[in-house]
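A quick write-up on the structure given underneath.
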Amino acid sequence: MKVAKFTKGHKQLIFFLVMAIIIVLIAIFAKQIAPKDPLNAVMTKPLHAPDNENLLGTDILGRDILSRIIYGTRYSLFMTLALVGTVFTLGTILGLLAGYFGGIVDTIIMRLADMMVSFPGIILAIAIAGLLGPSMTNAIIAISSVTWPKYARLSRSMVLKIKKELYVEAARLTGSKDKDILFKYILPNMVTLMLVTAISDIGALMLEISALSFLGFGAQPPIPEWGAMLNEGRTYLAKAPWLMLYPGIAIVIVVVVFNMLGDNIKDLIDIKEEDF
Numbered sequence: 001m002k003v004a005k006f007t008k009g010h011k012q013l014i015f016f017l018v019m020a021i022i023i024v025l026i027a028i029f030a031k032q033i034a035p036k037d038p039l040n041a042v043m044t045k046p047l048h049a050p051d052n053e054n055l056l057g058t059d060i061l062g063r064d065i066l067s068r069i070i071y072g073t074r075y076s077l078f079m080t081l082a083l084v085g086t087v088f089t090l091g092t093i094l095g096l097l098a099g100y101f102g103g104i105v106d107t108i109i110m111r112l113a114d115m116m117v118s119f120p121g122i123i124l125a126i127a128i129a130g131l132l133g134p135s136m137t138n139a140i141i142a143i144s145s146v147t148w149p150k151y152a153r154l155s156r157s158m159v160l161k162i163k164k165e166l167y168v169e170a171a172r173l174t175g176s177k178d179k180d181i182l183f184k185y186i187l188p189n190m191v192t193l194m195l196v197t198a199i200s201d202i203g204a205l206m207l208e209i210s211a212l213s214f215l216g217f218g219a220q221p222p223i224p225e226w227g228a229m230l231n232e233g234r235t236y237l238a239k240a241p242w243l244m245l246y247p248g249i250a251i252v253i254v255v256v257v258f259n260m261l262g263d264n265i266k267d268l269i270d271i272k273e274e275d276f
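Start counting the sequence shown at 1; every next residue gets the next number (full-length UniProt numbering).
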């Protein structure tokens, strides 16, 4: 009864949660779902229009676009989740240290964060990726370098508020070590908002990592990553528009699903970043 009542009152949340689960399952079971090998080139069928055999057509090498998009779910989503995990961990820890210890630690971390956000994020990420060289790992490092300040600032602001609570003061007075206060009393009370923020950022970060791949700084051919597929297809846009159309639709769907999922979770638990 409670489940039915919850479902009825949160239809939008349930819908986008189910959609997100489906996307994750497609990524996990891409090998079983894809009708063809995404790397298998059929040189006799280059730029073949969608038909019964190739539902979304083929690319310049005759590779099945549907299979490449399905496998691209794995590469694009897992790259994005790795990126989210990196900035979440780095930003949360640095903000935790800055907010709790203050002083020179706070000054160094926050000035570094200010320096990173003083440049346009995607431009700086492109510059870093260009220096490191094109690869999926370097793309994650590049975007992480310009994204962690958001999480550090949010984490720091929450720590500054939480450490004034009576239970934290009581723990300090009873002789608890800084490590125990940080990880037993402060972190558990801030991790919910941090996680919801991370979920909400999956869409935006997927756009950024796809942009780097589109520009040639991320995933490299023949990896079927959506941004890289857009890059490969732009040369043939007039002749074979499906090369860019379907990967673009896939990106839009995933971005919308995770953005809406994050927003609905925030509404459910009534969390507002402005409160911190």
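Every residue gets a Cβ at the ideal spot worked out from N, C-alpha and C, and that includes glycine.
Residue i burial status per 10 Å Cβ neighbour count (16 or more: buried)
i, result
"Ala238", "exposed"
"Glu225", "buried"
"Glu208", "buried"
"Glu274", "Here Glu274 scores only 49 on pLDDT, less than 50, and its place in the model is too uncertain to base an answer on."
"Phe29", "exposed"
"Leu25", "exposed"
"Ile128", "buried"
"Val252", "exposed"
"Met260", "buried"
Backbone CA spacing between residue i and residue j [nearest angstrom]
i, j, result
"Pro221", "Pro134", "11 angstroms"
"Ser67", "Ala34", "5 angstroms"
"Leu39", "Arg63", "6 angstroms"
"Ser213", "His48", "24 angstroms"
"Leu96", "Arg156", "6 angstroms"
"Pro120", "Met43", "42 angstroms"
"Phe276", "Val191", "Low local confidence applies: a pLDDT of 49 at Phe276 is under 50, so the model's placement there is unreliable, with the coordinate-based value given in what follows. About 13 angstroms."
"Ser210", "Ser76", "8 angstroms"
"Ile199", "Ala170", "33 angstroms"
"Ile141", "Leu131", "11 angstroms"
"His10", "Asp270", "13 angstroms"
"Ile265", "Val196", "7 angstroms"
"Asp59", "Phe101", "55 angstroms"
"Thr13", "Leu90", "It should be noted that the sequence gives Leu, not Thr, for residue 13. Cα to Cα, Leu13 sits roughly 29 angstroms from Leu90."
"Lys36", "Asn54", "9 angstroms"
"Arg172", "Ile104", "21 angstroms"
"Ile122", "Gly175", "45 angstroms"
"Ile70", "Tyr246", "11 angstroms"
Residue(s) in a DSSP beta bridge with residue i
i, result
"Thr137", "For Thr137, which the question treats as bridged, DSSP gives no partner whatsoever."
"Asp64", "Thr58"
Member of the options whose CA lies at the smallest distance from the CA of residue i
i, options, result
"Tyr167", "Tyr185, Asn231, Ala129 and Leu160", "Tyr185"
"Gly216", "Leu230, Met206 and Leu205", "Leu230"
"Arg74", "Met206, Ile93 and Gly99", "Met206"
"Gly85", "Gly218, Met194 and Ile249", "Met194"
"Ala41", "Phe258, Ile223, Gly248 and Leu261", "Ile223"
"Asp106", "Gly227, Val117 and Ala152", "Ala152"
- Would you list, in sequence order, the uninterrupted alpha helix (DSSP H) runs of no fewer than 4 residues that lie entirely inside the region 22-110? 30-33 and 65-101
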